[in-house]
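Chemist: Handing you this structure, nothing more for now.
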Amino acid sequence: MTKQFHDRPLGDEALDQIFREARSYNGWLDKPVSEAQIEAIYELAKMGPTSANMQPARLVWCKSQEAKDKLAEFASENNKKKIRTAPVCVIIGYDIDFHEELPWLFPHTDAKSWFEGNEALRKEGAARNSALQGAYLMLAARSLGLDCGPMSGVDLDKVTAEFFADEPRVKADWICSIGYGDATSIFGRSPRPEFAKFNRIA
Numbered sequence: 001m002t003k004q005f006h007d008r009p010l011g012d013e014a015l016d017q018i019f020r021e022a023r024s025y026n027g028w029l030d031k032p033v034s035e036a037q038i039e040a041i042y043e044l045a046k047m048g049p050t051s052a053n054m055q056p057a058r059l060v061w062c063k064s065q066e067a068k069d070k071l072a073e074f075a076s077e078n079n080k081k082k083i084r085t086a087p088v089c090v091i092i093g094y095d096i097d098f099h100e101e102l103p104w105l106f107p108h109t110d111a112k113s114w115f116e117g118n119e120a121l122r123k124e125g126a127a128r129n130s131a132l133q134g135a136y137l138m139l140a141a142r143s144l145g146l147d148c149g150p151m152s153g154v155d156l157d158k159v160t161a162e163f164f165a166d167e168p169r170v171k172a173d174w175i176c177s178i179g180y181g182d183a184t185s186i187f188g189r190s191p192r193p194e195f196a197k198f199n200r201i202a
């Protein structure tokens, strides 16, 4: 039976770690991230909801220096060092043909038929839901005591061609360095708006 967590909010220490005190890091301490940690991040992130459990994200974890150097070649000048010096940098891509996996991912109904013959709908769903998965991935990493440095300043076509060459229906979307953040690499937190600025309750 599924556990219920109603009226059991996380404590302030956990909320600080995941949200309030978490930052996007530009530099990294010389401390490795293991393959076991990478797998632990994924095992948490995969539990986040996606439409019809479509799970469109396809991830490449650049852990070797060779892979990080290759990825950095396609990055803007400001992002090259952030990639090369990170313990790991993950490429978040999405599979336009994610619907082929729906018979086992969402077996309750014929969800595959919803998307067959409509690539525009698949691209829209894949992009939105893989972005959600990337956000879950960041929350998972933070929950496990790691820091993140998300980036979009890369040539996505070149990243796609290099890292998803054997998966022609997968497109790179953004990247995120993960490790133990160097506090000297960040500046003061940018402003965050109060509720009333961008919210309304209808």
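For the sequence shown, full-length UniProt numbering gives the first residue as 1, with consecutive numbering after it.
Cβ atoms here follow ideal geometry from the backbone N, Cα and C, with glycine treated the same way.
Where DSSP assigns a beta bridge to L59, which residues make up the other side?
Modeler: Answer is I92, bridged to L59.
Chemist: Are L102 and G48 closer than 8 angstroms when you measure CB to CB?
Modeler: Result no, Cβ atoms of L102 and G48 do not sit closer than 8 angstroms.
Chemist: Compute the distance between the beta-carbons of R84 and I186, then report whether it is under 8 angstroms.
Modeler: Not in contact: R84 and I186 (Cβ atoms no closer than 8 angstroms).
Chemist: Return the CA-CA distance between T160 and P168, expressed in angstroms with no decimal places.
Modeler: When rounded, the distance between both Cα atoms is 9 angstroms.
Chemist: What number of angstroms, rounded off, separates the C-alpha of I92 from the C-alpha of C176?
Modeler: For I92 and C176, the distance between alpha carbons rounds to 8 angstroms.
Chemist: Which partner residues of M151 appear in the DSSP bridge assignment?
Modeler: Partner(s): I175.
Chemist: Looking at the structure shown, is A75 part of a helix, part of a strand, or coil, going by DSSP?
Modeler: It is a strand residue.
Chemist: Using DSSP bridges, identify the partner residues of G181.
Modeler: The partner list for G181 (beta bridge, DSSP) reads W28.
Chemist: Taking Cβ to Cβ, would you say L44 is nearer than 8 angstroms to A140?
Modeler: Result yes, Cβ atoms of L44 and A140 sit closer than 8 angstroms.
Chemist: Would you report the Cα separation of S152 and H99, rounded to the nearest angstrom?
Modeler: Approximately 26 angstroms between the Cα atoms of the pair.
Chemist: Rounded to a whole number of angstroms, what is the C-alpha to C-alpha distance between P32 and A202?
Modeler: If you take the alpha carbons of P32 and A202, they lie about 48 angstroms apart.
Chemist: Give the straight-line distance between the Cα atoms of I178 and A40, rounded to the nearest whole angstrom.
Modeler: When rounded, the distance between both Cα atoms is 13 angstroms.
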